[in-house]
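Student:
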Amino acid sequence: MNAVLNDTRQQPLVSLRKLNKHYGDFTAVDNLSLDIPQGEFLTFLGSSGSGKSTTLSMLAGFETPSSGEILLGGQSLVRTPPHKRDIGMVFQRYSLFPHLSVRDNIGFPLAIRKLSSAEREKRVNAMLRLVQLEAFAERRPAQLSGGQQQRVAIARALVYEPRMLLMDEPLGALDKKLREELQDELRHLHRRLGLNIVYVTHDQEEAMRLSQRIAIFSHGRIVGLGTGRDLYERPPNAFVASFLGSSNFLAVTARSNAAAQFEGQVVGIRPEPGVTCGDTLQVMIRPEKAVALSLEDARDTPLPAGWNEISATVTELLFLGESQTCSVITAGGVALTVKALSSSAPVLVPGREVRVRWAIGAASVYRSWEEGDLKKG
Ligand code: ADP
Ligand code: MG
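For the sequence shown, this note's numbering gives the first residue as 106, with consecutive numbering after it.
#1: For E311, decide whether its Cβ has a neighbour in chain B, counting only Cβ atoms nearer than 8 Å.
#2: Rounding to the nearest angstrom, what Cα-Cα distance links G178 and V119 in this structure?
#3: If you measure from each residue's Cβ to the nearest non-hydrogen atom of the ligand ADP, which ones come out under 5 Å, in chain order?
#4: Could you check if L336 is buried or exposed, using at least 16 other CB atoms within 10 Å of its CB as the buried criterion?
#5: Is S432 near A445, with beta carbons less than 8 Å apart?
#6: Restricting to Cα atoms, I'd like to know which of A312, G383, V470, G144 is closest to G350.
#7: The ligand MG heavy atoms versus the CB of V305: any closer than 7 Å?
#8: By Cβ distance below 6 Å, which residues in the same chain neighbour T132 in space, the five residues on each side in sequence not counted?
#9: Candidates R284, P203, L147: which alpha carbon is nearest V303's?
#10: So, for K480: in the same chain, excluding its five sequence neighbours on each side, which residues have a beta-carbon less than 7 Å away from its beta-carbon?
#11: Taking only the alpha-carbon atoms, compute the straight-line gap between V109 and P392 and give it to the nearest angstrom.
#12: Scan the segment 327-402 and note each continuous beta strand (DSSP E) run of 3 residues or more that stays entirely inside, going in chain order.
#13: Tell me the rounded alpha-carbon separation between R297 and S323.
#14: What's the gap between the Cα of G373 and the Cα of H188?
#15: Quick check on DSSP: helix, strand or coil for V470?
#16: Any heavy atom of the ligand MG closer than 7 Å to the beta-carbon of W273?
#17: Quick check on the burial criterion: 16 or more other C-beta atoms within 10 angstroms. Buried or exposed for G166?
#18: Measure the beta-carbon distance from L201 to Q254 and round it to whole angstroms, keeping in mind my assumption that it falls under 8 Å.
#19: I'd like the list of long-range same chain contacts for G477, defined as Cβ closer than 7 Å, with 5 residues on each side in sequence excluded.
#20: Suppose the cutoff is 8 Å on Cβ atoms and the five residues either side in sequence are ignored; what does the same chain contact list for D484 look like?
#21: T113: buried (16+ other C-beta within 10 angstroms of its C-beta) or exposed?
#22: Sort out for me which residues DSSP pairs D273 with in a bridge.
#23: If you run the structure through DSSP and keep just helix, strand and coil, what is T169?
Here it is, written out as structure tokens:
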């Protein structure tokens, strides 16, 4: 796991080293270590209260770590006040100055940094172009839509050309369509400017759309780190598997490191180091990686090599447009969901027995529900 948590192929711009934040005896951030390479769009994803904002605030300098280090370009930041950190920040609430025009809101950070008025005007105009608000420069925030106000906030955070932009649920207050538009804009902005963005959200689709890497937070720790595809296709633990996307879990008993018993049937499992006979394991199968076949179809279609098959009974079929899900239950009462494209979904009937199949290699194997393996970091 260390290799995943501390990717050192590139010299990191930012390193968080064994960062802790305690409030009384409550631990909000728990011994967190993370390297952020130059130019990365990284997202902190996790449910409410998992420590995302606290970590971001320590990076911004609004919160002081209880212990640990924050390095920017190898230099300790812990004693540097927020305005000297070369970091721009955007929050969910736009926090624009209501009495200032769009132009003056964007120029504000330059005014307090005492740039000449000619230089100020040049940079503000460039920012107005960047966020496509030239026509709105003289308006007050109250005369703008939510999405436009958030664009002003982004322009204001970028105007003094920080090395890093930190964003805490910046699109949380906007409706879905506008949020998706701004997500696309942000992704393009990141690509054009090449700056680092650390983004906080509890919305996994938003994290997938935006980020190069995602850090999954739980109880103040990072329990998964990687591209959206890696985390989805090879979740490092059962928590990440269940948090990201849909998942089916089968509790099985290992017979060897390649086979296990499930409700009296033998199933193949992907070999994992350290698995021994008698261990209780969780086999995780994504709904779209499983297929359900009627008994007739199963009879006519031989089980491919490297695949498993178990018996179950259909409980419900759900047509979702592009896809169709089929819920089944095993004799032992384990509920599973199988998902197929509508165009190729087999015809199944509730109440009938089916065979559920999946490729051994497509299913992850976990020794427990614990996220603890990642704790030592
Ligand atoms: P997230 O942004 O992931 O929703 P936060 O980082 O805001 O979570 O909070 C993590 C935990 O720390 C929460 O349980 C929260 O209640 C607690 N917390 C945050 N700030 C304070 C504070 N100033 N005093 C006490 N507890 C706090
Ligand atoms: Mg938060």
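Virtual Cβ for every residue (Gly too), placed ideally from N, Cα, C.
Tutor: The structure says:
#1: Reference to chain B is not applicable here, since this structure consists of a single protein chain.
#2: In a straight line, the C-alpha of G178 is about 6 Å away from that of V119.
#3: The answer, residue by residue, is Y128, A133, S153, G154, S155, G156, K157, S158, T159.
#4: With 16 or more other Cβ atoms from the protein chains shown falling within 10 Å of its own Cβ, L336 counts as buried.
#5: No; because the gap between Cβ atoms is not below 8 Å, this pair is not in contact.
#6: Of the listed residues, the one whose Cα sits closest to G350 is A312.
#7: Shortest gap from the CB of V305 to any heavy atom of the ligand MG: under 7 Å.
#8: Cβ-Cβ distances below 6 Å link T132 to G325 in the same chain, with the five nearest sequence neighbours on each side left out; the list follows chain order.
#9: Among R284, P203, L147, the Cα nearest to that of V303 belongs to L147.
#10: Its pLDDT being 37, under 50, K480 is placed unreliably in this model, and the value from its coordinates should be taken loosely. Same-chain partners within the cutoff: R326.
#11: For V109, the predicted model reports a pLDDT of 47, less than 50, meaning its position is unreliable and no value from the coordinates is stated.
#12: Segments of the beta strand (DSSP E) lying fully in the segment 327-402: 353-359, 364-367, 370-373, 385-390, 395-399.
#13: Their Cα atoms are separated by approximately 32 Å.
#14: Each residue's Cα considered, the two are about 57 Å apart.
#15: Three-state DSSP puts V470 in a strand.
#16: Reading off the sequence shown, one finds Asp at residue 273, where the question assumed Trp. Checking every heavy atom of the ligand MG against the Cβ of D273, one is found closer than 7 Å.
#17: Its Cβ being crowded by 16 or more others within 10 Å, G166 is buried.
#18: Taking 8 Å as the upper bound for CB-CB distance, L201 and Q254 are in contact here, some 6 Å apart.
#19: Note that G477 has pLDDT 45, beneath the 50 cutoff, so the model's placement of it is unreliable and the number below is only indicative. Cβ neighbours of G477 beyond the five flanking positions: none.
#20: Here the chain covers residues 106 to 482 and nothing more, so residue 484 does not appear.
#21: In this predicted model, T113 has a pLDDT of only 46, less than 50, meaning its place in the structure is not dependable; the value taken from the coordinates is given anyway. The C-beta of T113 has fewer than 16 other C-beta atoms within 10 Å across all chains shown, which makes the residue exposed.
#22: Paired residues: V305.
#23: The answer is coil: DSSP assigns T169 none of H, G, I, E or B.
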